[in-house]
């Protein structure tokens, strides 16, 4: 299943050119029942794999993406692809998730817009995009779909899992839902539940989207206008929360963009404003506004303690059998270290095999995605996995 | 000039019923020249006063309001007024700004929408509201207008000044611009310049306003629709930054509003969402969207060091002669303590008479407006003023 094209000379450590893959989840005749009570008649999943599944099928690692990520973790889709996958520095031959040793899988999540069924997908019952008729999905639903895919790929257990932010929340849900299926897990810049401040930021982003007249109650597919303004505002808000005060100071300060004096007009003249507008404009080219609504709502809803421990995280964590590594970043104020520590404490109270690392970083919540943090992150993940799977083949 | 109506029984410590006052700034024939290079043909200012100016005219204290505040600091406009002024707990007989001893003045700022000339005012040259033809205003312009008012009221010097947030930034500008006019000043939850993170939040709020079709390039006065959606979004973003993560946790947690279970619909069901929507809806009833644009832009532009010290705050602060008290709040992440400390350090390097107090509070940036913080705040302001003006009459 190694999809790297051997005729292309890849960069050293890169998986090279990779091909997106697709799979239909085998759904019972009554549909795939969701936690909201409604069902989906069909579910397609986009995924990518890197490396080769061992004959013992014991070297599979599932990586889960964050809010606006996708299945494309590493490598490039074509030799002239401008950018590699979102975690390219971490996944490849000799990298932390060493594709010479491990079989790495990543799937686009349910509700997404990068090949997995979501609100922009065609509803087979109507032949039209779901839009807001798409049922609400939860992290539990996302993870159940992922388990179906892993089963259909013939993988009997996961050597490890990893994810940051929403990806880490999904990892946690996997550990709680399928405790016997996963040997180990890396949870980065994540939480067992969103704080009210995070919910608040998400809600303002959603309000910006649904207030955009082009949103049209979610029915804009094929229309001349899409809710790009609202989605850009949501992204701009998000982006501020992904960075830190310090990194914004270092990166932009109060510098003006391409001018020496104030304009005294209402254009965006500070470099930081320019950056945010650019990020917003880029984002709307690649993401669906309805997916943003559905996925942020799923994040807001998620509460590991409520779902598995009757509101008690320690009780919930009693289910977990995997060896875990929890990593937080000092300047992450969206999912701050204290949320990671809460999870670590709950695991320790159950005598679980858990390690915790707080990485000194100025990059805020996005730190796990930033190559500048690669060194400490890669070293710890590398040794964590190495201890689990010390030689080629079975541990 | 004590406007308290003696026929009403005021609450103990309250200034009672107060009357808004108005004044026309005496403007030269060529208009009031602004820093942007343009001029205003006329400037009206709304203000309120509390207490009595001493025969020596040496007991005047100017209070300056924050972004969405106004001249109504204390008391009520009528006996059945639902709410008192925005700093009622701090201003009144026997209160920190003791109206038995001091003559307290507050003015609505230039560019505002509460009686002082701003974008919603009629342009005397056209007879129509300015809208976006209103010239850009700066903190320097706001303070120059205030100085005109104080001069026209026949007040030869200020015993003290006080302001929080944008109010504190204006106080700083006063101290730099009119160093011989002010004997002392209290600067609360403020800064000598906004961080790029604060500029970023302001810019997203502005983008929400100007993206609202009802904004209509600022020309919505008298129209059926006003840009209430955009302004509400801007306010919701602002509100998140005025609170703290901790206070939101304490106040709302992940509690649902009036329901036990998730709805799996896109309504706002978390208490924190409900609160933000309520704050947004309330705000648009009392504030003008264009004023929000102009005032946030003036805040973003302000940089005391750049304006007065060639980018060196220490050099700028060499101008300051007033005795100052700088107060910050531990959980304020919008204008964090380190910004207050930067100012304190610059003043100390000039051997200025400066005191600094960091108040332990969970209430975030809004802490200076919260009666729960009244005790430590009032005690320190009270003793600060008492030392300056120890007896009735001249010090």
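Chains as they are written, first to last, in our numbering: chain A, 1 to 395; chain B, 396 to 790. Backbone N, C-alpha and C fix where the C-beta goes; we use that ideal spot for every residue, glycine too.
Decide if residue i is buried, meaning its Cβ has at least 16 other Cβ atoms within 10 Å, or exposed.
| i | result |
| --- | --- |
| residue 154/A | exposed |
| residue 555/B | buried |
| residue 379/A | exposed |
| residue 593/B | buried |
| residue 22/A | exposed |
| residue 179/A | exposed |
| residue 586/B | buried |
| residue 259/A | exposed |
| residue 681/B | exposed |
| residue 677/B | exposed |
| residue 117/A | buried |
| residue 346/A | buried |
| residue 776/B | buried |
| residue 224/A | exposed |
| residue 386/A | exposed |
| residue 129/A | buried |
| residue 705/B | exposed |
When the Cα atoms are used, what is the spatial distance from residue i to residue j?
| i | j | result |
| --- | --- | --- |
| residue 543/B | residue 271/A | 35 Å |
| residue 234/A | residue 565/B | 32 Å |
| residue 165/A | residue 685/B | 37 Å |
| residue 688/B | residue 601/B | 6 Å |
| residue 505/B | residue 188/A | 48 Å |
| residue 648/B | residue 641/B | 9 Å |
| residue 397/B | residue 466/B | Bear in mind that the predicted position of residue 397/B carries a pLDDT of just 46, short of 50, making it unreliable; the figure below should be weighed with that in mind. Those two C-alpha atoms are separated by around 15 Å. |
| residue 603/B | residue 651/B | 27 Å |
| residue 114/A | residue 20/A | 10 Å |
| residue 503/B | residue 444/B | 12 Å |
| residue 26/A | residue 145/A | 10 Å |
| residue 694/B | residue 637/B | 15 Å |
| residue 460/B | residue 538/B | 12 Å |
| residue 212/A | residue 495/B | 53 Å |
| residue 744/B | residue 783/B | 23 Å |
| residue 433/B | residue 530/B | 6 Å |
Would DSSP call residue i helix, strand or coil?
| i | result |
| --- | --- |
| residue 286/A | helix |
| residue 638/B | coil |
| residue 559/B | strand |
| residue 58/A | coil |
| residue 182/A | strand |
| residue 190/A | coil |
| residue 358/A | strand |
| residue 393/A | Confidence in residue 393/A is poor, its pLDDT being 47 and thus under 50, which makes the residue's placement too unreliable to answer from. |
| residue 76/A | strand |
| residue 794/B | Missing from the structure shown is residue 794/B; chain B here goes from 396 to 790 and no further. |
| residue 140/A | helix |
| residue 742/B | helix |
| residue 772/B | helix |
| residue 112/A | coil |
| residue 724/B | strand |
| residue 92/A | strand |
| residue 570/B | helix |
| residue 98/A | strand |
| residue 763/B | helix |
| residue 448/B | coil |
| residue 153/A | coil |
| residue 276/A | helix |
| residue 158/A | strand |
| residue 478/B | coil |
| residue 730/B | coil |
Tell me, please, which residues DSSP counts as bridged to residue i.
| i | result |
| --- | --- |
| residue 21/A | 47/A |
| residue 524/B | 517/B |
| residue 459/B | 502/B, 558/B |
| residue 33/A | 39/A |
| residue 303/A | 193/A |
| residue 718/B | 579/B |
| residue 270/A | 256/A |
Looking at the ligand SAH, does it come within less than 7 Å of residue i, judged from the CB to the closest heavy atom?
| i | result |
| --- | --- |
| residue 782/B | For the ligand SAH, the structure offers nothing, since it holds no ligand at all. |
Inset, instruction - Could you run through the region 269 to 292 of chain A and flag, in chain order, every residue whose CB is less than 7 Å away from some CB of chain B? - result: Against chain B - using a Cβ distance shorter than 7 Å - the residues of the region 269 to 292 of chain A are 270, 272, 273, 276.
Legend entry - Within 8 Å of chain A by C-beta, residues of the region 595 to 618 of chain B in sequence order: If the cut-off is 8 Å between Cβ atoms, the region 595 to 618 of chain B has 595, 596, 598, 599, 601, 602, 603, 605, 606, 607, 608 near chain A.
Legend entry - Under 7 Å (Cβ pairs) to chain A, residues found in the region 621 to 652 of chain B: Of all residues in the region 621 to 652 of chain B, the ones placed with a Cβ closer than 7 Å to any Cβ belonging to chain A are 624, 628, 631, 632, 635, 640, 643, 644, 647, 648, 649, in chain order.
Inset, instruction - Could you please tell me which residues of the region 411 to 443 of chain B, in chain order, have their CB closer than 7 Å to any CB of chain A? - result: Along the region 411 to 443 of chain B, the positions whose C-beta sits under 7 Å from a C-beta of chain A are 431, read in chain order.
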